[in-house]
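Asks: So the protein sequences, as listed, match chains A and B. Using the working numbering, the letters of the first sequence map in sequence onto residues 1373 to 1487. Using the working numbering, the letters of the second sequence map in sequence onto residues -13 to 99.
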Amino acid sequence: KAGVTQTPRYLIKTRGQQVTLSCSPISGHRSVSWYQQTPGQGLQFLFEYFSETQRNKGNFPGRFSGRQFSNSRSEMNVSTLELGDSALYLCASSLLGTLNTGELFFGEGSRLTVL
Amino acid sequence: GNSVTQMEGPVTLSEEAFLTINCTYTATGYPSLFWYVQYPGEGLQLLLKATKADDKGSNKGFEATYRKETTSFHLEKGSVQVSDSAVYFCALSEQTSGSRLTFGEGTQLTVNP
């Protein structure tokens, strides 16, 4: 079956702009979580959505937001972009979002460059 | 809070060498532990996991044992291949944290023929 699909794969924005990234989870998976990957900070958890509700949130400013639709597809939005937002944004899906019995399936990521 | 510390990289080995990547963790409860691997240009893939003390996770010749007394989850492989070249991440999750993984810094492994 198809894996986790993220779009766009690459994008370039300028400071102050906003960006929306999309994630389509594996069919049947109801949990979608987002991670930011940078050389300096590594992999950091942004948030998780389950059945259209945000279930968990990391320590990121309010400029970072997300949502999940009824078909489990998710989007994340970053407003008023800063240079430090340049990163690989990874989306991961899981069946129920409980890692003790399952696993996260990651997409290939959306690479955002802020100029 | 939770944290994961991995040995500093990068690590360069010759084919068929023995691999160890150290991982230690700090957690408030009884976490599950994972090793994820990221091949060039790809997303992360789960390599192996262990959900309780003394469990051993294994996959593709890689092994790691959950050691509660030393709060460690070291990754080992007896004979690495060129195709094992990738970045390896140790991670943990608490039972109540849903899909929230806490990752280590990652260790770049390069295997030369």
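Just so it is clear, CB atoms sit at the ideal spot from N, CA and C, and this is done for glycine as well.
Between residue 79 of chain B and residue 1404 of chain A, what straight-line distance do the alpha-carbon atoms span, to the nearest angstrom?
Replies: 16 angstroms
Asks: Return the chain-ordered list of same chain residues with a C-beta closer than 6 angstroms to the C-beta of residue 12 of chain B, the five sequence neighbours on each side being excluded.
Replies: Excluding residues within five positions, the ones whose Cβ falls inside 6 angstroms are -11.
Asks: Indicate the three-state DSSP secondary structure (helix, strand or coil) for residue 97 of chain B in the structure shown.
Replies: Strand.
Asks: At a CB-CB cut-off below 7 angstroms, which residues of chain A make contact with residue 33 of chain B?
Replies: Chain-order list of chain A residues neighbouring residue 33 of chain B: empty, with the shortest C-beta distance near 10 angstroms, by a criterion of under 7 angstroms.
Asks: Measure the C-alpha to C-alpha separation of residue 1449 of chain A and residue 1397 of chain A and round it to an integer number of angstroms.
Replies: 17 angstroms
Asks: In the DSSP assignment, what residue or residues form a beta bridge with residue 89 of chain B?
Replies: Bridge pairing for residue 89 of chain B: B/77 [DSSP].
Asks: Mind listing the chain A neighbours of residue 91 of chain B? Cutoff is C-beta to C-beta under 7 angstroms, in chain order.
Replies: 1414
Asks: Please classify residue 40 of chain B: is it buried, with 16 or more other beta-carbons within 10 angstroms of its beta-carbon, or exposed?
Replies: Residue 40 of chain B should be labelled exposed.
Asks: Could you work out which residues of chain B lie near residue 1464 of chain A, taking near to mean beta carbons separated by less than 7 angstroms?
Replies: 85
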